[in-house]
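S.K.: Got a structure for you, written out below as structure tokens; questions coming shortly.
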Amino acid sequence: MQEARDVHPHGVEVRSADGAESVEEALKSLQKEGLIKILDAAVVSWPAERPSRAPDS
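Position one of the sequence shown corresponds to residue 57 (the working numbering), numbered consecutively onward.
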């Protein structure tokens with residue numbers, strides 16, 4: 057049987073590469089302070105010249 061653990065996935069949308077870098081640094085800092093635990097992370101980018109895809113309604 058797999059061990060139970062708290063898992064609370066969250067996503068953060070950032071509109072610029074600089075903003076994404078700032079968020080990453082802030083999250084790593086919070087983890088070093090023991091305030092959060094990062095289990096996994098991913099960065100997804102979209103070309104600036106392409107329109108964003110709106111979610112299906």
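Each residue gets a CB set at the ideal place from its N, CA and C atoms; glycine is no exception.
Alpha carbon to alpha carbon, what distance is there between W102 and I94?
M.R.: For the purposes of this step, residue 94 is taken as the residue at position 38 of the sequence shown. For the purposes of this step, residue 102 is taken as the residue at position 46 of the sequence shown. Going from the Cα of I94 to the Cα of W102 covers about 24 Å.
S.K.: Could you check what DSSP says for R106 in three-state terms: helix, strand or coil?
M.R.: The residue given as residue 106 occupies position 50 in the sequence shown. Three-state DSSP puts R106 in coil, outside helix and strand.
S.K.: With a CB to CB cut of under 6 Å and the five nearest residues on each side skipped, what residues in its chain are close to V70?
M.R.: For this step, residue 70 is matched to residue 14 along the sequence shown. Excluding sequence neighbours, V70 sits near A76 and V79.
S.K.: When DSSP labels each residue in this structure, what does S72 get in the three-state scheme?
M.R.: The sequence position of residue 72 within the sequence shown is 16, counting from 1. Of the three classes helix, strand and coil, the one that applies to S72 here is coil, per DSSP.
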